[in-house]
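Chemist: Heads up, our numbering is the position in the sequence shown plus 1083, with the first residue counted as 1.
Yeah, the Cβ is synthetic: ideal placement off N, Cα and C, and Gly gets one too.
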Amino acid sequence: MRLIHFVLLIATLFYGCTSSKREVSCDYIADYYQSVYLAEKLYHLEDYDRAFKILNGLSKTCDLLDQTIIYELRIATICAIKTGYYNEALDFVRQMFEKGYELEAIENHSTLSALVSLESWPKVVADYPEHRRVYENNIHYDIRQQLEKICQNDQLVRNNEDGIDWEKVEATDTFNQNQMKEILNEIGYPNELKVGPYFKGDSHMGVNTLFMHFSDTAYFKPILLEEIRKGHAPPSVLGSMIDSRQRASGRIDRFLYGIYQNATTEDIFDYPNLDNRGMAIGLAPLSLERELQSLRQLRRID
1084 MRLIHFVLLI
1094 ATLFYGCTSS
1104 KREVSCDYIA
1114 DYYQSVYLAE
1124 KLYHLEDYDR
1134 AFKILNGLSK
1144 TCDLLDQTII
1154 YELRIATICA
1164 IKTGYYNEAL
1174 DFVRQMFEKG
1184 YELEAIENHS
1194 TLSALVSLES
1204 WPKVVADYPE
1214 HRRVYENNIH
1224 YDIRQQLEKI
1234 CQNDQLVRNN
1244 EDGIDWEKVE
1254 ATDTFNQNQM
1264 KEILNEIGYP
1274 NELKVGPYFK
1284 GDSHMGVNTL
1294 FMHFSDTAYF
1304 KPILLEEIRK
1314 GHAPPSVLGS
1324 MIDSRQRASG
1334 RIDRFLYGIY
1344 QNATTEDIFD
1354 YPNLDNRGMA
1364 IGLAPLSLER
1374 ELQSLRQLRR
1384 ID
């Protein structure tokens, strides 16, 4: 009897350690972003096998994100289909549902629709309503409405046909900044898993842009860095916030992360260490980022 209990205990421990990758802690800055940038590059170069192997390997230790512009979870699914890894593709589709993708979008997609003909697809369809329910239950609709108003006011004071009233801009930014501090304290970084899609119909929430207008960078920087490390915020939001404030510093070499595409080497502080600074917050090396920007223009992710 004791032997049976011992075997059951070992089996339980083994299952608990291997059954769910979501229980594994992932440092997205150290373990994730650089590999994703490489996988995106390979995808654009149509090296689907290598891109799939990178993303599938990452998925064992980190939940794949679906960052705006990159869409690595969608890339992983497409690459899995193109290389014949259909079981992995189905698993990625389930993760897409967890991140808010609708069933119709998969079934009507030029590549992803190939999964519909699989024998196991009806089971995926049967599970979809539960994925959708969990996703929608995690959305903070009250905070979404608050953010829509904040983003609207942020742009209204900057797009005045009678000219910009900079005192009003400053007052609005201060108010929005205080609102964002409360939001961060309540739910953390308001990503799309928490407040819904940034682009929805005529609604556009420029959440990342808001941080470029905030002055209290000393307050936000450690919070954003931790949110980036957890995979809850994009690295660009921190780099953009810092460089945006540095624009007004008066220094020639004022930028720390080279976020602005027209920034020259003379505009960037300690240029030889730019890539090290950027990678320390999850950004791609500058040469790779510019290469990715060119590839994205040539070949958009469908």
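1. Please return the same chain residues whose Cβ sits closer than 8 Å to the Cβ of residue 1314, not counting the five positions on each side in sequence.
2. Am I right that residue 1233 and residue 1308 are in contact with their C-beta atoms under 8 Å? What's the rounded C-beta distance?
3. Is it right to say residue 1297 is buried, meaning 16 or more other beta carbons lie within 10 angstroms of its own, or is it exposed?
4. Which residue from 1156, 1164, 1166 and 1190 puts its Cα closest to that of residue 1181?
5. Which word fits residue 1159, buried or exposed, when buried means at least 16 other C-beta atoms lie within 10 angstroms of its C-beta?
6. Rounded to whole angstroms, what is the Cα-Cα separation between residue 1169 and residue 1194?
7. Is the CB-CB distance between residue 1176 and residue 1141 below 9 Å?
8. Give the C-beta separation of residue 1237 and residue 1255 to the nearest angstrom, bearing in mind that I take them to be a contact with Cβ-Cβ under 8 Å.
9. What's the gap between the Cα of residue 1228 and the Cα of residue 1283?
10. What ranges does the beta strand (DSSP E) occupy inside the segment 1312-1375, keeping only unbroken runs of at least 3 residues that lie completely in it?
11. So, at 6 Å on beta carbons, what are the nonlocal neighbours of residue 1153 in its own chain, with the 5 sequence-adjacent residues on each side left out?
12. Could you give the DSSP three-state label for residue 1084: helix, strand or coil?
13. In three-state DSSP terms, what is residue 1286?
14. Do you know whose CA, among 1378, 1377, 1357 and 1217, lies nearest residue 1368's CA?
15. Do residue 1319 and residue 1359 have their beta-carbon atoms positioned less than 9 Å apart in this structure?
16. Write down every uninterrupted run of the beta strand (DSSP E) in the segment 1106-1188 whose length is 3 residues or greater and which is fully enclosed by it, in chain order.
17. Looking only at C-alpha atoms, which of 1244, 1288 and 1222 sits nearest to residue 1277?
18. Can the beta-carbon of residue 1328 be found less than 9 Å from the beta-carbon of residue 1300?
19. Going by C-alpha distance, which of 1342, 1336 and 1333 is nearest residue 1321?
20. Using 9 Å as the threshold, is the C-beta distance between residue 1272 and residue 1310 below it?
21. Can you name, in chain order, every residue of its own chain whose Cβ lies under 7 Å from the Cβ of residue 1288, other than the five neighbours on each side?
22. Taking 7 Å as the limit between beta carbons, can you name the residues of its chain near residue 1378, skipping five residues before and five after?
23. If we define contact as Cβ-Cβ less than 9 Å, is residue 1376 a contact residue for chain B?
24. My guess is that residue 1038 and residue 1346 are in contact by the Cβ rule of under 8 Å, so how many angstroms apart are they, rounded?
25. In whole angstroms, what separates the C-alpha of residue 1213 from that of residue 1199?
26. Keeping to the same chain, check which residues put their C-beta closer than 7 Å to that of residue 1267; ignore five residues upstream and five downstream.
27. How is residue 1218 classed by DSSP in three states: helix, strand or coil?
Modeler: So, from the listed chains and residues:
1. Along the sequence shown, read from residue 1 onward, the residue named residue 1314 stands at position 231. Listed in chain order, the non-local C-beta contacts of residue 1314 below 8 Å within the same chain comprise 1109, 1111, 1115, 1145, 1146 and 1148, local neighbours out to five positions each way being set aside.
2. Looking up residue 1233 in the sequence shown gives position 150. Looking up residue 1308 in the sequence shown gives position 225. Actually they are not in contact, since the Cβ atoms of residue 1233 and residue 1308 sit about 22 Å apart, beyond 8 Å.
3. Mapped onto the sequence shown, residue 1297 falls at position 214. Buried is the call here.
4. One-based indexing of the sequence shown puts residue 1181 at position 98. Cα-wise, what sits closest to residue 1181 is 1156.
5. Here residue 1159 refers to the residue found at position 76 of the sequence shown. Buried.
6. Counting from one through the sequence shown, the residue named residue 1169 turns up at place 86. Counting from one through the sequence shown, the residue named residue 1194 turns up at place 111. Cα to Cα, residue 1169 sits roughly 12 Å from residue 1194.
7. As a position in the sequence shown, residue 1176 is number 93, starting the count at 1. As a position in the sequence shown, residue 1141 is number 58, starting the count at 1. Their beta carbons are not under 9 Å apart, which means residue 1176 does not touch residue 1141 by this criterion.
8. Here the question's residue 1237 lines up with position 154 in the sequence shown. Here the question's residue 1255 lines up with position 172 in the sequence shown. Right, their Cβ atoms sit about 7 Å apart.
9. One-based indexing of the sequence shown puts residue 1228 at position 145. One-based indexing of the sequence shown puts residue 1283 at position 200. Taking the Cα positions, residue 1228 is about 13 Å away from residue 1283.
10. none
11. As a position in the sequence shown, residue 1153 is number 70, starting the count at 1. Within the same chain, Cβ atoms closer than 6 Å to the Cβ of residue 1153 are found at 1123, the five residues on either side in sequence being excluded.
12. In the sequence shown, the residue the question calls residue 1084 occupies position 1. Bear in mind that a pLDDT of 41 at residue 1084, under 50, signals an unreliable position, so the model cannot answer this.
13. Here the question's residue 1286 lines up with position 203 in the sequence shown. Three-state result, residue 1286: strand.
14. Here residue 1368 refers to the residue found at position 285 of the sequence shown. Ranking the options by Cα distance to residue 1368, first place goes to 1357.
15. Your numbering for residue 1359 matches position 276 in the sequence shown. Your numbering for residue 1319 matches position 236 in the sequence shown. No. Outside cutoff.
16. none
17. The residue given as residue 1277 occupies position 194 in the sequence shown. When only C-alpha atoms are compared, the closest one is 1222.
18. On the sequence shown, residue 1328 is found 245 positions in, with the first residue counted as 1. On the sequence shown, residue 1300 is found 217 positions in, with the first residue counted as 1. Cβ atoms of residue 1328 and residue 1300: closer than 9 Å.
19. Looking up residue 1321 in the sequence shown gives position 238. Checking every option, the nearest Cα to that of residue 1321 belongs to 1342.
20. On the sequence shown, residue 1272 is found 189 positions in, with the first residue counted as 1. On the sequence shown, residue 1310 is found 227 positions in, with the first residue counted as 1. Against a cut-off of 9 Å, the Cβ pair of residue 1310 and residue 1272 comes out as a contact.
21. Against the sequence shown, residue 1288 aligns to sequence position 205. The answer, listed in chain order, is 1230, 1231, 1234 and 1281.
22. Counting from 1 along the sequence shown, the entry for residue 1378 is found at position 295. These residues qualify, in order along the chain: 1124 and 1127.
23. Protein chain content of the structure displayed is limited to a single chain, and chain B is not contained in it.
24. This structure gives no information on residue 1038, because the portion of the chain shown stretches from 1084 to 1385.
25. Within the sequence shown, numbered from 1, the residue matching residue 1213 stands at position 130. Within the sequence shown, numbered from 1, the residue matching residue 1199 stands at position 116. One C-alpha to the other measures close to 19 Å.
26. Start at 1 with the first residue of the sequence shown, and residue 1267 comes out as number 184. Excluding sequence neighbours, residue 1267 sits near 1306.
27. For the purposes of this step, residue 1218 is taken as residue 135 along the sequence shown, with counting starting at 1. The answer is helix: DSSP assigns residue 1218 an H, G or I state.
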